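Novice: Please see the structure below; I have some questions.
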Amino acid sequence: MIKDFFNSPKMNREKWLKRGKTFHAEDIRFLKEIIPEKSNILELGCGNGHLLNALNLIMD
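Residue numbering for the sequence shown follows this note's numbering, starting at 71 and increasing by one per position.
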């Protein structure tokens, strides 16, 4: 059951992003304050990539 959940497409990520939009907006705002634009970073477990996209980072 757990394996099926984590192997499911997008793991309902979009639903959770909409449900917690205030939290995620604050999370992105905070991270933008401490991570300069165009920084090179490695994010593990990035889900659908919304965070890296919002932060305008370089992904190699």
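Even glycine gets a Cβ: it sits at the ideal position worked out from N, Cα and C. Remember, it's a predicted structure, so these values are computed and weren't measured experimentally.
At a cut-off of 7 Å, would you count GLU107 as near the ligand ZN, judging by its Cβ distance to the nearest heavy atom?
Specialist: With respect to the ligand ZN, the structure shown offers nothing to examine, as it has no ligands at all.
Novice: Classify ASN110 as helix, strand or coil using the three-state DSSP reduction.
Specialist: On the sequence shown, residue 110 is found 40 positions in, with the first residue counted as 1. In the structure shown, ASN110 sits in a strand (DSSP, three-state: E or B).
Novice: With distances taken between CB atoms, is the gap from LEU101 to GLU113 smaller than 8 Å?
Specialist: Position 31 of the sequence shown, counted from the first residue, corresponds to residue 101. Position 43 of the sequence shown, counted from the first residue, corresponds to residue 113. Contact: no.
Novice: Have a look at PHE93, LEU125, GLY117 and flag the residue whose alpha-carbon is nearest the alpha-carbon of LYS108.
Specialist: In the sequence shown, residue 108 corresponds to position 38, counting from 1. Among PHE93, LEU125, GLY117, the Cα nearest to that of LYS108 is on LEU125.
Novice: State the CB to CB distance for the pair ILE111 and ILE104, rounded to an integer number of angstroms; the pair is presumed to be in contact (CB under 8 Å).
Specialist: Working through the sequence shown from its first residue, we reach residue 111 at position 41. Working through the sequence shown from its first residue, we reach residue 104 at position 34. With a Cβ gap of about 11 Å, ILE111 and ILE104 do not count as contacting.
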